[in-house]
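Protein chains in written order, with the working numbering: chain A, 18 to 598; chain B, 18 to 598.
Think of the CB as a built atom: it goes at the ideal place given N, C-alpha and C, for glycine as much as any other residue.
Because the structure is a prediction, the values reported are computed rather than measured.
Inspection log for the structure reproduced underneath, given as structure tokens.
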């Protein structure tokens with residue numbers, strides 16, 4: 018790898034430097050940007066297809082508009098590598114030693130050209146409607162734009178935003194970046210509607226956008242720089258809402274990405290020559306493979322199971338399952354509200370829905386967890402991935418799943434300490450037809466087998482207790498091994514509390530009688546979590562309770578070891594805390 | 018009022034009894050149903066306009082289809098009075114002594130013709146997509162239908178449902194009941210799209226539904242029984258997804274409702290002769306008037322404020338405000354996700370957004386509270402109504418606002434104990450530009466003035482303490498008067514903790530030193546709430562903590578006094594609990 022000393026990009030320190038370039042110079046710039054995206058992604062991993070596809074639109078945007086006065090909101094902001102390179106941050110791609118200088122999403126701490134920390138889909142239009150209205154009230158005249166992919170358009174908030182954008186009284190441009198992909202293949206009636214528009218070069222009368230009142234424009238080749246410049250010039254300073262539909266090619270410029278777009282939406286470090294990951298994938302059981310094994314076994318035994326996910330099959334290795342059991346698989350698009358309400362409807366009709374949700378994205382479905390599932394006490398099964406402290410960006414933290422699930426009536430939230438326990442919990446959850454049951458999939462490495470007897474019935478939560486002295490440690494889920502280490506050091510009692518929200522009060526009463534201190538450990542924020550429920554229950558007893566988890570803050574790409582230290586989640590720190598009591 | 022012994026409705030004990038009626042008999046039935054809706058609503062209050070508008074469609078549905086084998090999901094289910102009358106529950110309208118026999122929403126505990134407890138909008142299509150898919154997997158052939166109003170269609174989940182319904186492989190009928198109203202006037206581009214279809218008798222090519230692939234049908238007069246019967250017969254057993262758009266008249270048959278549809282969406286008891294409420298509206302300051310007073314004062318002082326709500330201006334008395342300050346008012350439709358993201362965008366541009374949200378509906382915006390507002394630490398101000406224990410239906414409980422807001426980083430959740438304190442908190446919230454601030458509007462009656470000094474700065478939470486002995490009572494928000502009564506009886510220390518989520522740790526440490534027991538009182542569920550945070554913080558100290566609030570269950574039209582008793586929320590019960598310690 019080299020530092021590309023000859024690159025034209027080295028001369029671009031802000032969008033202002035673009036203004037005097039010729040089309041052919043900007044086309045050269047596009048090639049450079051593509052090369053740099055590929056080189057850095059090959060080394061570090063990251064989003065690939067979305068960034069390769071948006072290069073020309075990004076250059077054209079900054080050529081035509083005057084950021085940061087004119088403002089663009091990038092939906093999800095996973096496609097902002099080219100934008101970052103053009104707004105003073107190219108060094109983070111040009112020089113491998115500076116690869117870590119920028120975060121993977123838009124970031125106002127990083128640049129005045131970024132307005133929000135964004136990482137969830139479908140929010141851009143809504144944010145832009147608020148920005149446009151504030152501009153109107155303050156008497157401003159800058160251009161406000163939201164750029165959103167066709168995949169993100171399947172999320173309901175995108176439609177809510179469109180519905181309001183359509184009646185904005187002044188300038189507001191919604192760019193629909195139609196690359197015909199979500200993370201996996203895009204789904205639903207919207208796919209049909211966009212195809213009719215593309216196939217008619219934007220002329221189809223069946224146009225949902227003109228129906229809503231938008232001034233609709235279409236660009237057949239959204240990767241043609243001249244066409245994009247012309248399109249942006251035509252919408253600049255226009256005093257009404259416009260929907261600009263651009264047809265782009267996800268993964269453009271990298272042949273393997275064009276052949277398998279899902280696998281190249283986001284990549285781990287890979288070899289540019291072979292397209293193969295540079296870190297080997299281990300073929301051993303994981304929290305994901307165990308869940309799919311159980312589903313397959315139960316389907317083969319005749320259970321009417323539907324594996325439901327919201328556009329993230331790759332997160333759960335669901336691709337092969339989808340191929341093998343097409344009738345038992347549903348991808349609802351990036352639409353978690355739909356996924357959970359769909360599951361409620363499926364359960365009501367007697368089927369067995371198994372939701373596969375990512376903790377951070379599940380936040381969009383909180384009302385459905387309550388109103389549709391819990392208030393109707395429907396036997397929905399839900400596997401939750403990514404629940405726990407992590408070094409992710411602050412928009413992608415999975416620390417609120419216990420807040421959402423644990424505090425709702427009727428839900429039973431189980432937290433396995435081993436893969437064997439996860440298997441038993443899922444088997445039980447599928448067979449019981451009494452309550453909604455969620456299972457917090459371990460995010461830390463947990464043993465395949467359990468050190469203790471595995472329960473087969475979770476209708477009554479009974480703590481599993483390894484007796485020790487003075488101190489009892491309730492170590493929830495994948496923090497069990499931290500509990501083991503702590504118990505060993507202290508000679509303490511070790512408890513597997515099994516559930517994040519159902520307390521075994523009988524066991525707690527006994528533990529309170531025989532110990533001086535009860536410690537809780539959980540892979541979640543403390544507020545609204547497991548430990549506070551234990552502290553509250555034991556409030557009237559003569560026992561001290563120490564709750565360990567994450568403080569109520571957003572970490573932001575903070576190394577996990579540092580998060581643990583900052584929250585006293587090490588054996589040494591907890592031991593010191595006990596001494597200080 | 019009489020029992021209408023001559024009514025044809027008395028002979029309808031199930032939809033089966035409709036099958037042999039003539040059109041003119043069913044038209045007579047429609048008149049009877051309208052009369053009964055009006056009589057009961059006049060006596061008891063309830064939803065009016067939606068039920069008057071849907072009478073013919075309901076009769077036609079049950080005439081054509083075979084419920085409960087064929088299934089219909091009523092969106093929100095506030096329009097199910099006619100449905101209930103036709104499915105064995107007419108007595109609850111015919112006989113005033115039986116008025117309380119049925120609940121105001123669909124209710125599976127009440128009838129096999131109701132499939133879900135539903136009370137929030139925009140869920141029906143999503144539920145139906147899951148039901149259709151379960152039917153497919155089990156090999157069934159029944160008709161599945163969702164009926165949804167044009168107002169509910171502005172909620173994103175409705176679009177997510179449509180997107181998936183459009184690709185259902187077998188029967189699925191979506192009825193869009195277009196009465197040209199939300200609760201207030203409907204808003205957005207969807208209004209434009211539906212108007213084009215109505216104005217062209219369903220023939221407009223700019224059709225968002227055919228664009229998505231639906232087989233689209235239109236009924237110009239959805240209050241014509243014969244037309245509705247023909248339309249339903251034409252879609253019955255059809256093996257693909259259909260969108261049936263029907264044009265109905267909200268409030269049909271009651272002149273005052275036609276003249277002012279918003280005021281007659283939901284009514285308090287009224288006089289049928291004069292249309293005036295039978296219980297006088299008191300003209301004194303309330304939590305709502307105080308909030309609007311502050312907004313007006315601040316706007317007059319030049320603050321760039323936007324009052325934002327999601328289709329519920331009536332809940333906040335915002336109608337007059339909307340008239341007086343049109344530039345400072347936005348109704349985004351039934352779209353809480355949009356409302357919160359809009360507020361984030363508005364704040365980012367330097368405006369001052371003040372959200373008016375109902376606790377139960379705010380559940381739809383949990384992700385925006387976190388991802389868009391809190392993770393960006395934007396100074397959004399939010400007034401939360403309806404937060405507290407109530408005798409509402411289980412779908413409408415406002416007991417999770419603290420769960421949602423209090424456990425997110427950066428949010429400051431304030432809980433005033435008097436109207437004067439609410440005023441001070443809102444004034445501060447508008448002027449500070451550091452954090453998102455939410456204010457829990459009292460739902461119980463609170464004093465206009467405060468017994469203690471009112472703070473003017475809430476950047477640091479400092480508990481207000483009335484010293485007493487042995488026991489300290491932290492009485493949050495509108496439970497302060499319960500705290501006063503308890504403190505008086507016990508001679509205890511009384512504390513106004515001011516915030517539902519920011520603890521004054523210094524004061525707590527002192528209170529723990531000088532007291533044997535700390536009691537927390539909050540108008541919320543206990544799990545994930547204020548008291549558990551206090552119990553956790555004090556876990557390492559030698560003090561007992563008793564948390565009072567609601568247990569983690571859904572109450573369902575349970576009288577408030579009973580809810581208090583069930584949760585030991587009376588002075589007597591708490592006194593007994595203390596004796597038992």
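Residue i: which of the options sits nearest, CA to CA?
i: residue 427 of chain A; options: A/420, A/252, A/175 and A/452; result: A/452
i: residue 179 of chain A; options: A/160, A/228, A/528 and A/564; result: A/228
i: residue 374 of chain B; options: B/325, B/339 and B/365; result: B/325
i: residue 328 of chain A; options: A/378, A/317, A/311 and A/95; result: A/378
i: residue 310 of chain B; options: B/383, B/444 and B/397; result: B/444
i: residue 523 of chain A; options: A/554, A/509 and A/505; result: A/554
i: residue 542 of chain A; options: A/47, A/423 and A/187; result: A/423
According to DSSP, which residues form a beta bridge with residue i?
i: residue 199 of chain B; result: Answer by DSSP bridge pairing: none, since residue 199 of chain B is not bridged.
i: residue 373 of chain A; result: A/326 and A/400
i: residue 640 of chain A; result: As shown, chain A starts at 18 and ends at 598. That puts residue 640 of chain A outside it, with no answer to give.
i: residue 191 of chain B; result: B/163 and B/260
i: residue 64 of chain B; result: B/283
i: residue 516 of chain A; result: A/431
i: residue 562 of chain B; result: B/535
i: residue 347 of chain A; result: A/325
i: residue 234 of chain B; result: B/261
Quick one: residues in its chain with C-beta nearer than 7 angstroms to the C-beta of residue i, no 5 flanking neighbours on either side, listed in chain order?
i: residue 391 of chain B; result: 425, 426, 427, 428 and 453
i: residue 31 of chain B; result: 104 and 105
i: residue 235 of chain A; result: 214, 218, 219 and 262
i: residue 159 of chain B; result: 86, 87, 88 and 152
i: residue 42 of chain A; result: 25
i: residue 177 of chain A; result: 143
Consider the Cβ of residue i: report whether some Cβ of chain A lies at a distance smaller than 8 angstroms.
i: residue 602 of chain B; result: Here chain B comprises residues numbered 18 to 598, so residue 602 of chain B is not present and cannot be evaluated.
i: residue 429 of chain B; result: no
i: residue 85 of chain B; result: no
i: residue 158 of chain B; result: no
i: residue 399 of chain B; result: no
i: residue 134 of chain B; result: yes
i: residue 564 of chain B; result: yes
i: residue 150 of chain B; result: yes
i: residue 586 of chain B; result: no
With a CB to CB cut of under 6 angstroms and the five nearest residues on each side skipped, what residues in its chain are close to residue i?
i: residue 106 of chain B; result: 119
i: residue 197 of chain A; result: none
i: residue 115 of chain A; result: 108 and 109
Within a Cβ cutoff of 8 angstroms, which residues of the same chain sit near residue i, ignoring the five residues on either side of it in sequence?
i: residue 431 of chain A; result: 442, 446, 454, 455, 456, 457, 475, 515, 516 and 517
Check whether chain B comes within 8 angstroms of residue i, counting only Cβ atoms and requiring the distance to be less than that.
i: residue 570 of chain A; result: yes
i: residue 12 of chain A; result: Nothing can be reported for residue 12 of chain A: it is not among the residues displayed for chain A, which extend from 18 to 598.
i: residue 64 of chain A; result: no
i: residue 384 of chain A; result: yes
i: residue 448 of chain A; result: no
i: residue 381 of chain A; result: yes
i: residue 531 of chain A; result: no
i: residue 403 of chain A; result: no
i: residue 97 of chain A; result: no
* Residues of the region 543-558 of chain A whose Cβ lies closer than 9 angstroms to any Cβ of chain B, in chain order -> Within the region 543-558 of chain A, the residues whose Cβ lies closer than 9 angstroms to any Cβ of chain B are, in chain order, 543, 544, 545, 546, 548, 549, 550, 551, 552, 553, 554, 555, 556, 557 and 558.
* Could you name the residues of the region 214-235 of chain A whose beta carbon sits closer than 9 angstroms to any beta carbon of chain B, in the order they occur along the chain? => Within the region 214-235 of chain A, the qualifying residues are 214, 221, 222, 223, 224, 225, 226, 227, 228, 229, 230 and 231.
* **Contact residues within the region 413-425 of chain B, judged by C-beta distance below 8 angstroms to chain A** => Flagged, chain order: 417, 420, 421, 423, 424 and 425.
* If you measure beta-carbon to beta-carbon, which residues of the region 161-179 of chain B are closer than 8 angstroms to chain A? -> Listed by position along the chain: 171, 172, 173, 174, 175, 176, 177, 178 and 179.
* Asked: If contact means a Cβ-Cβ distance below 7 angstroms, which residues of the region 351-368 of chain B contact chain A?
  -> Contact residues of the region 351-368 of chain B toward chain A are 352, 354, 355, 358, 359, 360, 361, 362, 363, 365, 366, 367 and 368 (C-beta to C-beta distance below 7 angstroms).
* Against chain B: residues of the region 320-345 of chain A by CB proximity under 7 angstroms -> Flagged, chain order: 321, 323 and 344.
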